[in-house]
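Asker: Line order of the protein sequences matches chains A and B.
Heads up, the first sequence is in my numbering, so the first residue is 51 and it goes up one at a time.
Heads up, the second sequence is in my numbering, so the first residue is 86 and it goes up one at a time.
Sharing a structure with you now.
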Amino acid sequence: MENLLFSSAYFLYGVSTLLSLCYLFTKREALSRWARGLLALAISLHLLSLGARCISHNHDWSNWFATLSLFSIFVAALYGGIAYFLDIPVLGAFVMPLPFALLTYAWFRKPDLEILSPSFFRTWLAIHIPIMFAAYALLGIAFSVGIAYLIQEHQIKTKRPTELVYRLPSLDELDRLIYQLILCAFVPLTVGLILGGIWAAKAWGQFWSWDPKETWALITWLVYVMYFYLRWVERWRGRKTTYVSLAGFVVVLFTYAGVNYFSPLHGFLAGGAR
Amino acid sequence: MSLLVVGLNHQTAPVEVRERLAFSGDRLPEALGSVKALPGLSETVLLSTCNRTEVYSRAETAEGMRAALTPWLQAFSPATPLGQHLYLHENQRAVEHLFRVAAGLDSMVVGEQEILSQVKNAYLAAQAAGSTGKLLNVFFQRSLYVGKRVRTETGLSTGAASVGSLAVSMAQRIFGDLSARRVMILGAGEMAKLIGRQLLSHKVQSVLVANRTPKHAQALAGYFGHRALSFEEGIDYIEQADIILCSTSAPEPVITRAQIESLMPRRRGRSLFFIDIAVPRNVHPDVHKIDNVYVYNIDDLQNLVRENLARRSDEVRRAEAIVREKTDEFRRWLAAYEAGEDHSLRHYAAQRPEPLGSLPGDY
Numbered sequence: 051m052e053n054l055l056f057s058s059a060y061f062l063y064g065v066s067t068l069l070s071l072c073y074l075f076t077k078r079e080a081l082s083r084w085a086r087g088l089l090a091l092a093i094s095l096h097l098l099s100l101g102a103r104c105i106s107h108n109h110d111w112s113n114w115f116a117t118l119s120l121f122s123i124f125v126a127a128l129y130g131g132i133a134y135f136l137d138i139p140v141l142g143a144f145v146m147p148l149p150f151a152l153l154t155y156a157w158f159r160k161p162d163l164e165i166l167s168p169s170f171f172r173t174w175l176a177i178h179i180p181i182m183f184a185a186y187a188l189l190g191i192a193f194s195v196g197i198a199y200l201i202q203e204h205q206i207k208t209k210r211p212t213e214l215v216y217r218l219p220s221l222d223e224l225d226r227l228i229y230q231l232i233l234c235a236f237v238p239l240t241v242g243l244i245l246g247g248i249w250a251a252k253a254w255g256q257f258w259s260w261d262p263k264e265t266w267a268l269i270t271w272l273v274y275v276m277y278f279y280l281r282w283v284e285r286w287r288g289r290k291t292t293y294v295s296l297a298g299f300v301v302v303l304f305t306y307a308g309v310n311y312f313s314p315l316h317g318f319l320a321g322g323a324r
Numbered sequence: 086m087s088l089l090v091v092g093l094n095h096q097t098a099p100v101e102v103r104e105r106l107a108f109s110g111d112r113l114p115e116a117l118g119s120v121k122a123l124p125g126l127s128e129t130v131l132l133s134t135c136n137r138t139e140v141y142s143r144a145e146t147a148e149g150m151r152a153a154l155t156p157w158l159q160a161f162s163p164a165t166p167l168g169q170h171l172y173l174h175e176n177q178r179a180v181e182h183l184f185r186v187a188a189g190l191d192s193m194v195v196g197e198q199e200i201l202s203q204v205k206n207a208y209l210a211a212q213a214a215g216s217t218g219k220l221l222n223v224f225f226q227r228s229l230y231v232g233k234r235v236r237t238e239t240g241l242s243t244g245a246a247s248v249g250s251l252a253v254s255m256a257q258r259i260f261g262d263l264s265a266r267r268v269m270i271l272g273a274g275e276m277a278k279l280i281g282r283q284l285l286s287h288k289v290q291s292v293l294v295a296n297r298t299p300k301h302a303q304a305l306a307g308y309f310g311h312r313a314l315s316f317e318e319g320i321d322y323i324e325q326a327d328i329i330l331c332s333t334s335a336p337e338p339v340i341t342r343a344q345i346e347s348l349m350p351r352r353r354g355r356s357l358f359f360i361d362i363a364v365p366r367n368v369h370p371d372v373h374k375i376d377n378v379y380v381y382n383i384d385d386l387q388n389l390v391r392e393n394l395a396r397r398s399d400e401v402r403r404a405e406a407i408v409r410e411k412t413d414e415f416r417r418w419l420a421a422y423e424a425g426e427d428h429s430l431r432h433y434a435a436q437r438p439e440p441l442g443s444l445p446g447d448y
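This is the structure:
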């Protein structure tokens, strides 16, 4: 049942992504309406599959499949909310490929062995992980909007505007949106980091142990601190701060995925759970 | 009974003729009243813009309508015979004509937006004067639909078609909503006034004018409702303004890279847009290289306008196809309507010509 729900959600995400991309290059409003409708449906099915998983796996988030699934539903749902409230349907073409790519990866990870981590203090883990992914999802959306910003900025700067210039929001709106997204992400990012520490203190007896995962989580956090510093103190705006936000998300991805192969404590994603 | 249009436009008549037949403002209800009294016309809409004057009508015969309308129009232009300037289209061709007009395909600047509201206003005025009936109601509402459809589904109206509207649309691409933006005009030329006025119509917060000759600045500043700045005050004001319109006759650039670079931190990184319509240029080209600063000079703007117009003409064929399809639909509706059937237009939209291969049955 969980698999069927997940597969249907995955399929619908794919169609919605495709429609969003088509919408960017054509002017058919119907495409955008369908993309949104299918996205809502996909999120609902995805949520059900996650719910089913929660019950069958007792809130265990510590494997590739579950985290990818969690990551992508956060991106999709948060984007859905933003698209609904801000009414910027063209951004779908930039944001939607992200959850779709994450889920494609999850799809290939499906046969993963389900490794159950120690069952004690699971409550902390069940909170720590979703909070981190809420932050990562917002940062991922900021990354996608950043790409849109760079395309828009490039076209205006080189004085070669194409049709796309008239489809995308203005530079100021995109820049502000990126800033607001990072501001919103920074709260769960900080809270998640602290909760992770508390969980670590209870599970391993140490708040901070300079494990590569922890180090990189701190680096991620510092990149975004730098983003705010440059914006607030150095008064940077636009292209340069957007580069920082793009770099930030690359670090996020490394913290999430790359580090697992080096981390003795957080290595569960690579199969070496402790 | 037939559907007819008699009129002249920018292609068939020079401005000296068109201006005499322009029924704007107060003249329109009066003209509508007198045209309604003509024999043989049962429904009438009078469409009059600076590029065209057309009478759409439902009449017994084309000959009858021409006989009634030609002298009526001629009366407004006693000195010049109108005969060679007038065109008359009947039924299907009249339908196609109005649909093309509403789509902007018959306009001087292809795809322009204004004509659609002009068609709408002409229709509303006629309706208010009680000179439309079922046929022209359906016909004009349909033309508005076709005009809108062509604009959303083709690129016929995309991209600004004049230097002023292009400057405004680039400002919108940079700032989004312009209502909190401050504009400054450096120099006081006619062109600057024109673009300033266009920006003002987008509800910019303020338009200030700075000029070396205080007299000119005051005249223009008064026009925009603000006090004039001296040239030096103007240069200082760049720190606060968002859009700077340059049109001074200075022989050398008056705005340099070093100058703007030093003021950007005080602007807190806010974007700055220079529209430099002066020749020789007022803004040094290197200013464009500064982050968040954009300089568009007159050549940039003109090149983009030219590209937009070329792109529009590429879209003409797609627009014509929509117009033809809708004309055909309407023609079928019209035939049925005249025969006494009363279906909605949608009924005819469904009847697409079937491709030969898919004909059902054995034959």
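Glycine included, C-beta positions come from ideal geometry on N, C-alpha and C.
Using only alpha-carbon positions, find the residue among A:187, A:94, A:58, A:105 that is nearest to residue 125 of chain A.
Answerer: Counting from 1 along the first sequence, the entry for residue 125 of chain A is found at position 75. The residue with the shortest Cα to Cα distance from residue 125 of chain A is A:187.
Asker: Cα-Cα, which of B:365, B:391, B:340, B:408 is closest to residue 378 of chain B?
Answerer: Translated into positions along the second sequence, residue 378 of chain B becomes position 293. Of the listed residues, the one whose Cα sits closest to residue 378 of chain B is B:340.
Asker: What is the rounded straight-line gap between the Cα of residue 138 of chain A and the Cα of residue 219 of chain A?
Answerer: Translated into the one-based positions of the first sequence, residue 138 of chain A becomes position 88. Translated into the one-based positions of the first sequence, residue 219 of chain A becomes position 169. The straight-line gap from Cα to Cα measures roughly 8 Å.
Asker: Among residues of its own chain, excluding the 5 on either side of residue 286 of chain A, which ones have a beta-carbon nearer than 7 Å to its beta-carbon?
Answerer: Within the first sequence, residue 286 of chain A is the residue found at index 236, counting from 1. Around residue 286 of chain A: 280.
Asker: Near residue 124 of chain B, what residues of its chain come up, given a Cβ to Cβ distance below 7 Å and the 5 sequence neighbours on each side ignored?
Answerer: Here residue 124 of chain B refers to the residue found at position 39 when the second sequence is read from its first residue. Only 153 meet the Cβ criterion.
Asker: Between which two residues does the beta strand (DSSP E) carrying residue 390 of chain B extend?
Answerer: Counted from its first residue, the second sequence places residue 390 of chain B at position 305. Taken as a continuous stretch (DSSP letters only), residue 390 of chain B belongs to no beta strand (DSSP E), being part of the alpha helix (DSSP H) at 383-423.
Asker: Look at residue 190 of chain B and residue 143 of chain B and say whether their C-beta atoms are less than 8 Å apart.
Answerer: Along the second sequence, one-based indexing puts residue 190 of chain B at 105. Along the second sequence, one-based indexing puts residue 143 of chain B at 58. No, Cβ-Cβ distance for residue 190 of chain B and residue 143 of chain B is not below 8 Å.
Asker: Identify whether residue 100 of chain B lies in helix, strand or coil by the three-state DSSP scheme.
Answerer: For the purposes of this step, residue 100 of chain B is taken as residue 15 along the second sequence, with counting starting at 1. Looking at residue 100 of chain B - three-state DSSP - the assignment turns out to be helix.
Asker: For residue 221 of chain A and chain B, any beta-carbon pair shorter than 8 Å?
Answerer: The count along the first sequence starts at 1 and reaches residue 221 of chain A at position 171. It does; some Cβ of chain B falls within 8 Å.
Asker: Taking only beta carbons into account, state which residues of the region 335-366 of chain B come closer than 9 Å to chain A, listed in chain order.
Answerer: 349, 350, 351, 352, 353, 354, 355, 356
Asker: Please state whether DSSP places residue 276 of chain B in a helix, a strand or coil.
Answerer: Residue numbering aside, residue 276 of chain B sits at position 191 when the second sequence is read from its first letter. DSSP places residue 276 of chain B in helix when its eight states are reduced to three.
Asker: Cα separation between residue 285 of chain B and residue 277 of chain B?
Answerer: Here residue 285 of chain B refers to the residue found at position 200 of the second sequence. Here residue 277 of chain B refers to the residue found at position 192 of the second sequence. Residue 285 of chain B and residue 277 of chain B: Cα-Cα distance of roughly 12 Å.
Asker: Since residue 63 of chain A and residue 149 of chain A should fall inside the 8 Å C-beta cutoff, what is the C-beta to C-beta distance between them, to a whole number of angstroms?
Answerer: Numbered from its first residue, the first sequence carries residue 63 of chain A at position 13. Numbered from its first residue, the first sequence carries residue 149 of chain A at position 99. The pair is a contact, with the Cβ atoms about 6 Å apart (cut-off 8 Å).
Asker: For residue 313 of chain B and residue 217 of chain A, what's the separation of their Cα atoms in angstroms?
Answerer: Here residue 313 of chain B is taken as the residue at index 228 of the second sequence, counted from 1. Here residue 217 of chain A is taken as the residue at index 167 of the first sequence, counted from 1. Taking the straight line joining both Cα atoms gives about 37 Å.
Asker: Would you call residue 105 of chain A buried or exposed, if buried means 16 or more other Cβ atoms sit within 10 Å of its Cβ?
Answerer: Start at 1 with the first residue of the first sequence, and residue 105 of chain A comes out as number 55. Exposed is the call here.
Asker: Distance, Cα to Cα, residue 385 of chain B vs residue 209 of chain A?
Answerer: In the second sequence, residue 385 of chain B corresponds to position 300, counting from 1. In the first sequence, residue 209 of chain A corresponds to position 159, counting from 1. Computed Cα separation, rounded: 7 Å.
Asker: For residue 197 of chain A, would you say it is in contact with chain B, using Cβ-to-Cβ distances shorter than 8 Å as the test?
Answerer: As a working note, residue 197 of chain A is residue 147 in the first sequence. Interface flag for residue 197 of chain A against chain B is unset, since no Cβ pair is found closer than 8 Å.
Asker: Please list, in chain order, the chain B residues whose beta carbon lies closer than 7 Å to that of residue 285 of chain A.
Answerer: Within the first sequence, numbered from 1, the residue matching residue 285 of chain A stands at position 235. Contact note: residue 285 of chain A reaches chain B through 350, 353, 354, using a C-beta cutoff of 7 Å and chain order.
Asker: Quick one, which of B:275, B:409, B:411, B:214 has its alpha-carbon nearest residue 121 of chain B's?
Answerer: Looking up residue 121 of chain B in the second sequence gives position 36. Out of B:275, B:409, B:411, B:214, B:214 has the C-alpha closest to the C-alpha of residue 121 of chain B.
Asker: Identify the contact partners of residue 238 of chain B in chain A, using a Cβ-Cβ distance below 7 Å as the criterion.
Answerer: Within the second sequence, numbered from 1, the residue matching residue 238 of chain B stands at position 153. For residue 238 of chain B, the residues of chain A that pass the 7 Å Cβ criterion are 77, in the order they occur in the chain.
Asker: Where does residue 145 of chain B fall in DSSP's three states?
Answerer: Translated into the one-based positions of the second sequence, residue 145 of chain B becomes position 60. The three-state reading of DSSP puts residue 145 of chain B in coil, since its state is none of H, G, I, E or B.
Asker: Could you confirm whether any beta carbon from chain B is found closer than 8 Å to the beta carbon of residue 83 of chain A?
Answerer: If you number the first sequence from 1, residue 83 of chain A lands on position 33. Chain B contact via Cβ: absent.
Asker: Note down the Cα distance separating residue 226 of chain B from residue 295 of chain A, rounded to an integer number of angstroms.
Answerer: Position 141 of the second sequence, counted from the start, is the residue given in the question as residue 226 of chain B. Position 245 of the first sequence, counted from the start, is the residue given in the question as residue 295 of chain A. Looking at the two C-alpha atoms, the distance is approximately 50 Å.
Asker: Please state whether the Cβ-Cβ distance between residue 292 of chain B and residue 253 of chain B is less than 8 Å.
Answerer: By 1-based counting over the second sequence, the position of residue 292 of chain B is 207. By 1-based counting over the second sequence, the position of residue 253 of chain B is 168. No, they are not a contact pair.
Asker: Please confirm whether residue 136 of chain B has its beta-carbon closer than 8 Å to some beta-carbon of chain A.
Answerer: On the second sequence, residue 136 of chain B is found 51 positions in, with the first residue counted as 1. False, the Cβ-Cβ gap to chain A never drops below 8 Å.
Asker: Do the CB positions of residue 259 of chain B and residue 358 of chain B come within less than 8 Å of each other?
Answerer: Counting from one through the second sequence, the residue named residue 259 of chain B turns up at place 174. Counting from one through the second sequence, the residue named residue 358 of chain B turns up at place 273. Yes, these two residues count as a Cβ contact at 8 Å.
Asker: Please name the residue, chosen from B:317, B:224, B:115, B:351, that lies closest to residue 178 of chain B on a Cα-to-Cα basis.
Answerer: For the purposes of this step, residue 178 of chain B is taken as residue 93 along the second sequence, with counting starting at 1. Comparing C-alpha distances from residue 178 of chain B to each of B:317, B:224, B:115, B:351 shows the shortest one belongs to B:224.
Asker: Residues of chain B with CB under 8 Å from residue 139 of chain A, in chain order?
Answerer: Position 89 of the first sequence, counted from the start, is the residue given in the question as residue 139 of chain A. Those within 8 Å of residue 139 of chain A in chain B number zero; the least Cβ separation is about 14 Å.
Asker: Can you give the Cα-Cα distance for residue 108 of chain B and residue 206 of chain B, rounded to whole angstroms?
Answerer: Start at 1 with the first residue of the second sequence, and residue 108 of chain B comes out as number 23. Start at 1 with the first residue of the second sequence, and residue 206 of chain B comes out as number 121. If I take the Cα positions, the gap works out to 12 Å.
Asker: Along the chain, where does the beta strand (DSSP E) that runs through residue 222 of chain A open and close?
Answerer: Here the question's residue 222 of chain A lines up with position 172 in the first sequence. Careful: residue 222 of chain A lies outside any beta strand (DSSP E), inside the alpha helix (DSSP H) at 221-254.
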